[in-house]
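Heads up: the sequence shown begins at 134 in the numbering used here, then just goes up one per residue.
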Amino acid sequence: MTDATTTDQRTGARLWRPSATALWWLAAVLLVAAVAVGATLGRAAWEARAEAANEAEALAAGKQLAVNFVTMRADSFDTDAARVVAGATGGFKKEYESTLSQLKPVVVENKTSSTVERAEASLVSADGDSARVLVGVVAPTTNAATKTPQKKTYRLRLDLTKVGTEWKVNNLEFVS
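Below, the structure written as C-alpha coordinates:
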(Lines of atoms letter the chains of each structure in order from A and count residues from 1; the text may use other names and numbers.)
(Lines give C-alpha, C1' and ligand atoms only; values in the text may rest on other atoms or scores of the structure.)
Protein backbone atom coordinates (compact mmCIF):
# COMPACT_ATOMS: atom_id res chain seq x y z
CA MET A 1 0.00 0.00 0.00
CA THR A 2 1.74 3.09 -1.21
CA ASP A 3 0.38 6.53 -1.35
CA ALA A 4 1.34 8.83 -4.16
CA THR A 5 2.40 12.40 -3.74
CA THR A 6 2.40 14.85 -6.55
CA THR A 7 3.21 18.50 -6.91
CA ASP A 8 0.59 21.02 -7.94
CA GLN A 9 1.89 22.70 -11.07
CA ARG A 10 0.38 26.09 -10.25
CA THR A 11 1.25 26.46 -6.56
CA GLY A 12 4.10 24.06 -6.14
CA ALA A 13 2.35 22.49 -3.13
CA ARG A 14 2.75 18.80 -2.53
CA LEU A 15 -0.54 16.92 -2.83
CA TRP A 16 -1.20 13.57 -1.16
CA ARG A 17 -3.22 11.03 -3.09
CA PRO A 18 -4.35 7.93 -1.18
CA SER A 19 -4.02 4.52 -2.73
CA ALA A 20 -7.06 2.37 -3.53
CA THR A 21 -6.31 0.14 -0.52
CA ALA A 22 -6.33 3.13 1.84
CA LEU A 23 -9.67 4.24 0.43
CA TRP A 24 -11.14 0.76 0.97
CA TRP A 25 -9.96 0.74 4.59
CA LEU A 26 -11.45 4.16 5.17
CA ALA A 27 -14.77 3.04 3.65
CA ALA A 28 -14.78 -0.08 5.85
CA VAL A 29 -14.15 1.95 9.02
CA LEU A 30 -16.92 4.40 8.12
CA LEU A 31 -19.30 1.52 7.38
CA VAL A 32 -18.58 -0.13 10.76
CA ALA A 33 -19.12 3.20 12.52
CA ALA A 34 -22.43 3.74 10.72
CA VAL A 35 -23.63 0.26 11.65
CA ALA A 36 -22.66 0.82 15.30
CA VAL A 37 -24.50 4.16 15.45
CA GLY A 38 -27.54 2.67 13.71
CA ALA A 39 -27.64 -0.30 16.09
CA THR A 40 -27.36 1.97 19.14
CA LEU A 41 -30.13 4.28 17.95
CA GLY A 42 -32.29 1.34 16.89
CA ARG A 43 -31.98 -0.32 20.29
CA ALA A 44 -32.84 2.92 22.08
CA ALA A 45 -35.94 3.35 19.90
CA TRP A 46 -36.97 -0.28 20.48
CA GLU A 47 -36.55 0.11 24.26
CA ALA A 48 -38.60 3.32 24.25
CA ARG A 49 -41.43 1.61 22.32
CA ALA A 50 -41.33 -1.40 24.66
CA GLU A 51 -41.47 0.87 27.73
CA ALA A 52 -44.38 2.86 26.29
CA ALA A 53 -46.27 -0.37 25.50
CA ASN A 54 -45.62 -1.70 29.02
CA GLU A 55 -46.89 1.55 30.55
CA ALA A 56 -50.01 1.49 28.35
CA GLU A 57 -50.70 -2.11 29.42
CA ALA A 58 -50.28 -1.19 33.10
CA LEU A 59 -52.62 1.79 32.73
CA ALA A 60 -55.30 -0.24 30.95
CA ALA A 61 -55.00 -3.07 33.48
CA GLY A 62 -55.22 -0.68 36.44
CA LYS A 63 -58.35 0.93 35.03
CA GLN A 64 -60.00 -2.46 34.39
CA LEU A 65 -59.04 -3.79 37.81
CA ALA A 66 -60.61 -0.74 39.47
CA VAL A 67 -63.78 -1.23 37.42
CA ASN A 68 -63.85 -4.89 38.45
CA PHE A 69 -63.43 -3.92 42.10
CA VAL A 70 -66.31 -1.41 42.07
CA THR A 71 -68.67 -3.58 39.98
CA MET A 72 -70.66 -5.71 42.41
CA ARG A 73 -74.19 -7.04 41.99
CA ALA A 74 -76.18 -9.27 44.32
CA ASP A 75 -77.30 -11.51 41.46
CA SER A 76 -73.74 -12.08 40.18
CA PHE A 77 -71.69 -11.69 43.35
CA ASP A 78 -69.61 -14.86 42.90
CA THR A 79 -68.69 -14.00 39.30
CA ASP A 80 -67.90 -10.38 40.21
CA ALA A 81 -65.75 -11.44 43.17
CA ALA A 82 -63.95 -14.08 41.07
CA ARG A 83 -63.00 -11.37 38.55
CA VAL A 84 -61.43 -9.30 41.33
CA VAL A 85 -59.58 -12.31 42.77
CA ALA A 86 -58.28 -13.24 39.29
CA GLY A 87 -56.79 -9.76 38.94
CA ALA A 88 -55.26 -9.69 42.42
CA THR A 89 -52.01 -10.87 43.93
CA GLY A 90 -50.07 -10.67 47.17
CA GLY A 91 -51.49 -8.96 50.23
CA PHE A 92 -54.47 -7.47 48.43
CA LYS A 93 -55.59 -10.88 47.18
CA LYS A 94 -55.36 -12.41 50.67
CA GLU A 95 -57.19 -9.49 52.26
CA TYR A 96 -59.95 -9.44 49.64
CA GLU A 97 -60.50 -13.20 49.80
CA SER A 98 -60.71 -13.04 53.59
CA THR A 99 -63.54 -10.48 53.45
CA LEU A 100 -65.71 -12.26 50.87
CA SER A 101 -67.53 -14.44 53.41
CA GLN A 102 -68.62 -11.29 55.27
CA LEU A 103 -69.28 -9.18 52.18
CA LYS A 104 -71.49 -11.60 50.25
CA PRO A 105 -74.37 -11.77 52.77
CA VAL A 106 -74.48 -7.96 53.01
CA VAL A 107 -74.51 -7.48 49.22
CA VAL A 108 -77.12 -10.21 48.66
CA GLU A 109 -79.38 -9.22 51.56
CA ASN A 110 -79.36 -5.55 50.58
CA LYS A 111 -79.75 -6.39 46.86
CA THR A 112 -76.83 -4.13 46.11
CA SER A 113 -75.98 -3.29 42.53
CA SER A 114 -72.94 -1.16 41.72
CA THR A 115 -71.90 -0.72 38.11
CA VAL A 116 -69.42 1.66 36.52
CA GLU A 117 -70.69 4.48 34.37
CA ARG A 118 -67.32 6.11 33.79
CA ALA A 119 -63.70 5.49 34.71
CA GLU A 120 -60.66 7.67 34.14
CA ALA A 121 -57.13 6.50 34.87
CA SER A 122 -53.69 8.05 35.10
CA LEU A 123 -50.32 6.37 35.35
CA VAL A 124 -48.33 7.72 38.29
CA SER A 125 -45.21 5.62 37.84
CA ALA A 126 -44.06 2.42 36.17
CA ASP A 127 -41.04 0.29 35.59
CA GLY A 128 -40.68 -3.14 34.03
CA ASP A 129 -42.67 -5.07 36.60
CA SER A 130 -44.50 -2.60 38.86
CA ALA A 131 -46.76 0.39 38.39
CA ARG A 132 -48.95 2.80 40.31
CA VAL A 133 -52.23 3.93 38.76
CA LEU A 134 -54.86 6.40 39.99
CA VAL A 135 -58.40 5.68 38.85
CA GLY A 136 -61.51 7.81 39.27
CA VAL A 137 -64.78 5.91 38.98
CA VAL A 138 -68.39 7.04 38.80
CA ALA A 139 -70.60 4.16 39.93
CA PRO A 140 -74.40 4.31 39.96
CA THR A 141 -75.40 2.20 42.97
CA THR A 142 -78.75 0.83 44.11
CA ASN A 143 -79.86 -1.35 46.99
CA ALA A 144 -83.09 -2.48 48.64
CA ALA A 145 -83.52 0.91 50.29
CA THR A 146 -82.69 3.08 47.24
CA LYS A 147 -84.20 1.97 43.95
CA THR A 148 -83.05 5.14 42.19
CA PRO A 149 -79.35 4.84 41.40
CA GLN A 150 -77.13 7.03 43.52
CA LYS A 151 -73.97 8.08 41.69
CA LYS A 152 -71.01 7.34 43.90
CA THR A 153 -67.55 8.61 43.05
CA TYR A 154 -64.46 6.70 44.05
CA ARG A 155 -60.80 7.56 43.68
CA LEU A 156 -58.54 4.55 43.90
CA ARG A 157 -54.79 4.15 43.96
CA LEU A 158 -53.69 0.76 42.70
CA ASP A 159 -50.20 -0.66 43.05
CA LEU A 160 -49.70 -3.21 40.30
CA THR A 161 -47.24 -6.04 39.86
CA LYS A 162 -46.55 -7.85 36.62
CA VAL A 163 -47.10 -11.56 37.15
CA GLY A 164 -45.94 -13.38 34.04
CA THR A 165 -47.46 -11.31 31.27
CA GLU A 166 -50.41 -9.97 33.30
CA TRP A 167 -50.69 -6.92 35.52
CA LYS A 168 -52.31 -7.67 38.88
CA VAL A 169 -53.20 -5.41 41.78
CA ASN A 170 -51.21 -6.03 44.97
CA ASN A 171 -52.51 -2.99 46.87
CA LEU A 172 -55.64 -0.91 46.50
CA GLU A 173 -56.44 2.20 48.51
CA PHE A 174 -59.24 4.73 48.45
CA VAL A 175 -57.77 8.23 48.17
CA SER A 176 -59.32 11.67 48.41
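Backbone N, C-alpha and C define an ideal beta-carbon position, used for all residues, glycine too.
Contact check between the region 257 to 267 and the region 142 to 161: fewer than three CB pairs, one atom from each, fall below 8 Å, which does not count as touching. A distance below 6 Å between beta-carbons, with the five flanking residues on each side excluded, links E250 to the following residues of its chain, in chain order: V271, P273. Residue environment for V266: buried (at least 16 other C-beta atoms within 10 angstroms of its C-beta).
Per DSSP, the beta bridge partners of D292 are R265, N304.
CA-CA distance, V217 to Q235, rounds to 16 Å. For E188, the secondary structure class from DSSP, reduced to helix, strand or coil, is helix. At the C-beta level, N276 and G223 stay beyond 8 Å of one another. The way I'd put it, the region 290 to 304 does touch the region 190 to 198; three or more beta-carbon pairs between them come closer than 8 Å. For the options E228, M205, K196, the alpha carbon positioned closest to that of K237 is the one of M205.
Excluding residues up to 5 positions away in sequence, nothing lies with its Cβ nearer than 6 Å to the Cβ of V162 in the same chain. For the pair S255 and F225, the Cα-to-Cα distance works out to about 20 Å. The C-alpha of R290 lies about 6 Å from the C-alpha of V268. Put simply, the backbone Cα of R147 is about 22 Å away from that of L159. Distance between A183 and V240, taken at the CA atoms: about 42 Å. In the DSSP assignment, P238 forms no beta bridge with any residue.
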